[in-house]
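Novice:
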Amino acid sequence: MNIKVVESENSGTNSICCGDSFYGSIPLEDVHKFQKRRALQMPCDDVVVYCVSCIKSMAIGEKSPKYMIDLILNKKTEVGDIDLVSYHDELEEYIKEH
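Numbering (numbering that gives the first Met the number 0) for the sequence shown: 0 to 97.
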């Protein structure tokens with residue numbers, strides 16, 4: 000894949016939540032603050048993520064997320080709408096249906 004790996008200081012078992020797990024528990028603007036703070040901890044603009052919610056978080060934090068599965072399948076990561084309310088509504092609907 001010709002990728003150079005640069006780890007963030009807080010990665011692996013020392014990772015810090017991007018903030019999406021706080022959605023619905025704290026005001027949306029505070030969730031965005033967590034997401035932006037986590038994105039700022041990344042040492043480069045292209046960030047590989049394995050969590051679907053982190054795709055949104057990195058985009059909100061003005062990084063270019065690369066979903067690990069997309070890299071494996073040689074596909075472009077589609078961020079889509081970064082509105083968290085719409086995203087979580089869609090997620091809840093999917094969970095209800097499955």
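Just so you know, even glycine gets a beta-carbon here, dropped at the ideal spot from N, CA and C.
Thinking L83 and K55 are a contact (beta carbons under 8 Å), I'd like their distance in whole angstroms, please.
Specialist: Confirmed, Cβ separation roughly 7 Å.
Novice: At which residues does the beta strand (DSSP E) containing D88 begin and terminate?
Specialist: Where D88 is concerned, there is no enclosing beta strand (DSSP E), although the alpha helix (DSSP H) it sits in stretches over L83 to E96.
Novice: Over the uninterrupted beta strand (DSSP E) stretch that includes V48, give me the two end residues.
Specialist: From DSSP, the beta strand (DSSP E) with V48 extends over D45 to V48.
Novice: What residue ranges within the region 23-62 form continuous alpha helix (DSSP H) runs of no fewer than 4 residues, ordered along the chain?
Specialist: Qualifying alpha helix (DSSP H) stretches, in chain order: 27-39 and 51-59.
Novice: For the candidate residues Y66, G23 and K95, whose alpha-carbon lies nearest to that of D45?
Specialist: Per the Cα distances, Y66.
Novice: Quick one: what's K65 bridged to in DSSP?
Specialist: DSSP lists V47 as partners of K65.
Novice: When the Cβ atoms of the region 73-82 are set against those of the region 18-36, are three or more pairs found closer than 8 Å?
Specialist: Result no; under three Cβ-Cβ pairs closer than 8 Å.
Novice: How close, in whole Å, do the beta carbons of Q34 and G18 come, if the pair is a contact with beta carbons under 8 Å?
Specialist: Contact holds; Cβ gap of about 5 Å.
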